[in-house]
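Asker: In my numbering, the protein residues as written are 137 to 294.
For glycine and all other residues, C-beta sits at the position ideal for the given N, C-alpha and C.
Spelled out as structure tokens, the structure:
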């Protein structure tokens with residue numbers, strides 16, 4: 137059924153064409169905060185990824201952005217459902233906390249949709265046990281993200 141929905145979204149008419157193939161999306165939320173979000177945004181900007189906030193756009197504009205997106209760096213959460221608008225063969229780098237149950241659903245969704253999914257795992261506050269706890273990628277996660285962007289963005293343009 138997901139493949140059917142993905143196919144129907146791909147057939148939508150009057151979808152704006154957006155040319156930028158590499159994007160990133162970070163959320164501003166009180167519930168699950170990426171503590172080093174500023175550093176992550178700067179890292180993405182330095183690799184020429186363009187910021188994209190799906191919730192600020194109409195559904196058709198979201199489809200337009202994601203349909204032509206070959207690489208999307210995005211915080212795990214509801215925004216990742218946007219993968220359904222992406223074309224098979226696209227790549228998503230999901231920024232996730234070490235609350236393991238968060239990763240599996242996105243990996244499985246990506247597999248069903250024919251999308252490559254690479255998690256970059258940050259560390260949640262050990263004193264809090266909610267999947268919505270704030271987390272940080274830290275230096276190690278930022279280095280991993282930079283490496284993935286270089287590797288994946290280069291391969292998405294060839």
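Rounded to whole angstroms, what is the Cα-Cα separation between residue 256 and residue 149?
Answerer: 34 angstroms
Asker: For residue 253, list the residues DSSP reports as bridge partners.
Answerer: 228
Asker: Do residue 248 and residue 224 have their CB atoms nearer than 8 angstroms?
Answerer: no
Asker: Would you check if the distance between the CB atom of residue 202 and the CB atom of residue 218 is smaller than 8 angstroms?
Answerer: yes
Asker: Measure the alpha-carbon distance for residue 200 versus residue 289 and round it to whole angstroms.
Answerer: 19 angstroms
Asker: Where do the N-terminal and C-terminal ends of the beta strand (DSSP E) with residue 207 fall, by residue?
Answerer: 207-211
Asker: By the DSSP assignment, the alpha helix (DSSP H) with residue 203 in it spans what residues?
Answerer: In the DSSP annotation of this structure, the continuous segment of the alpha helix (DSSP H) that includes residue 203 starts and ends at 195-203.
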